[in-house]
Amino acid sequence: EIYRASTTAPVNIAVVKYWGKRDAKLNLPTNSSLSVTLSQADLRTLTTATCSSTYTGEDTLTLNGSPSDISGARTQACLRELRSLRAALEEKDPSLPKLSKMPLRLVSENNFPTAAGLASSAAGFAALVRAIANLYELPNSPTELSIIARQGSGSACRSLFGGYVAWRHGSQEDGLDSKAVEIAPASHWPEMRALILVVSAAKKGVSSTSGMQQTVATSDLFKGRVATVVPAHMDAMEKAIAARDFAGFAEVTMKDSNSFHSCCSDTYPPIYYMNDVSRAAVRAVEAINAAAGKTIAAYTFDAGPNAVIYFLEENSNLIIGTFYKLLQGVDGWKEEAKASSSSIQLEEAVSSIIQGGVSRIIMTSVGEGPVKTEQH
Ligand code: DP6
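Numbering (the numbering used here), first residue to last: 45 to 420.
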């Protein structure tokens, strides 16, 4: 008999950034963070976990059709914890099949190009943990599973939920209070949209895992970020989301991205994730907000040059129209984008930098958490 479970898991983009570990082994962060889960119609990982007493050898993982290394300490930590939860169930109820003793076959696929530099580790580890938890029929809540996913990749703990999600840094040494919680479901503020400008980078930058360790070790600015900046941002962001206050949400989002990238450039030697195209996107958002006479768009950048621009559905026309004028030929525009128009003029230099550097557009919105697609 082959036991099987499939699930999808979403990508999330932080508006208050996780950057810094206080314990690299357990993957415990220096600060809390908060993200928006993005729609799985556009970005998701689909993972199928199977096990059988007829399988022999080690566990295996296939990623986008190719065999992938499963021996890494982070993946192993996730597998070990999930197996031991299953083993405890089997011990309590001896009639259960001994799935914990069988090799696992994991098959994982993204519906977006991994090369786009989008946080695929978040969706990847969330889907891996959710799929195995389903296969093992674990009763654990998404928050409990987030403690396991966190050990795969920090940002992955937030992808076990849809909507608006906080990762509480916690203070225990064992990390059992460092977990994700849903701040509000997608239905609380479903009008949130995101436009992702995928920027072609010449070479791959410093990985987030290594970059954040260098920042913790060398940046003085970072001390203030952890002590006062992030706590204030978390507080203001939770209030803005509760009140559906876009201007408040946007200000914190942009300031937190700026604070994070300032700490990166204060790292010694400095780390630069944003490039000229990223900075042109910042100018474009500023121009849009100036023309609107209020804050209707917010930029944020992760550990790479891609720009994520958050806005509300009611302003789609203005924001999508502004970029559509410049980027009509670029891959990823949907049919409905053609209808949007905007009279906003970007500075010539800003327009040409964006035109020269954006290789793909992703139009998406806030979305739901993991979805079980198969189980037997
Ligand atoms: C800039 O979750 O990729 O995207 O825990 O080492 O796997 P590891 O790091 P990762 O870092 C994400 C950093 C970020 C900010 C964020 O998502 O909060």
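Where a beta carbon is used, it is the ideal one built from N, C-alpha and C, also for glycine.
These numbers were taken from a predicted model, which means no experiment stands behind them.
Every unbroken stretch of the beta strand (DSSP E) spanning 3 or more residues and falling wholly within the stretch 382-417 is given here in chain order: 402-409.
The nearest non-hydrogen atom of the ligand DP6 is 7 Å or more from the C-beta of tyrosine 208.
For proline 111, the secondary structure class from DSSP, reduced to helix, strand or coil, is strand.
By the Cβ-count criterion, glycine 101 is exposed, with fewer than 16 other Cβ atoms from all chains shown falling within 10 Å of its own Cβ.
Secondary structure remark: continuous alpha helix (DSSP H) runs of at least 4 residues inside the stretch 172-257, in chain order: 186-196. In terms of CA proximity to serine 199, Tyr62 leads the group Pro349, Tyr62 and Thr344. DSSP lists Ala58 and Val209 as the bridge partner or partners of serine 79.
Contact between the stretch 402-419 and the stretch 75-89 is present, with at least three C-beta pairs closer than 8 Å. In the DSSP assignment, aspartate 375 is bridged to Arg404. Each of Arg130, Ala117 and Ala393 was checked against the Cα of arginine 323, and the nearest Cα belongs to Ala393. For valine 352, the enclosing beta strand (DSSP E) starts and ends at 351-356.
With a 10 Å radius around the Cβ and a threshold of 16 neighbouring Cβ atoms, tyrosine 208 comes out buried.
Note: aspartate 310 is not bridge-paired with any residue in the DSSP secondary-structure output. Of the candidates Lys248, Ser309 and Pro234, the residue whose Cα lies closest to the Cα of valine 260 is Ser309. Less than 8 Å divides the Cβ of leucine 265 from the Cβ of cysteine 307.
In the displayed model, tyrosine 368 falls within a helix according to three-state DSSP.
Of all alpha-carbon atoms in Ile285, Leu105, Tyr47 and Pro314, the one lying nearest the alpha-carbon of phenylalanine 169 is that of Leu105. Taking each of Pro275, Ala93, Leu107 and Ala177 in turn and checking the Cα distance to leucine 129, the smallest one comes out for Ala177. Distance from the CA of asparagine 108 to the CA of threonine 119, rounded to the nearest whole angstrom, comes to 17 Å. In this structure, the CA atom of lysine 299 is about 10 Å from the CA atom of phenylalanine 293. Per the DSSP secondary-structure output, serine 50 pairs in a beta bridge with Thr92 and Glu418. Look at aspartate 300 here: in three-state DSSP terms it is helix.
Cβ-Cβ distances below 6 Å link asparagine 71 to Arg194, Gln195 and Gly198 in the same chain, with the five nearest sequence neighbours on each side left out; the list follows chain order. When DSSP states are grouped into helix, strand and coil, asparagine 155 belongs to the coil group.
Taking 8 Å as the cut-off, the Cβ atoms of alanine 336 and glutamate 391 do not count as close.
Contact between isoleucine 353 and tyrosine 343 holds, since their C-beta atoms are separated by about 6 Å, short of 8 Å. With contacts defined by Cβ atoms closer than 8 Å, alanine 224 and tryptophan 211 form a contacting pair.
Three or more pairs of CB atoms, one per stretch, sit closer than 8 Å, so the stretch 139-155 contacts the stretch 92-101. Of the candidates Ala131, Glu380, Gly348 and Ser139, Gly348 places its Cα closest to the Cα of threonine 253. Cβ neighbours of arginine 48 within its own chain (closer than 8 Å, five residues either side excluded): Thr92, Ala93, Thr94, Leu179, Glu418, Gln419 and His420. Look at threonine 106 here: in three-state DSSP terms it is strand. For the ligand DP6, no non-hydrogen atom lies closer than 7 Å to the CB of asparagine 75. Separation of alanine 286 and isoleucine 227 (C-alpha to C-alpha, rounded to the nearest whole angstrom) is 8 Å.
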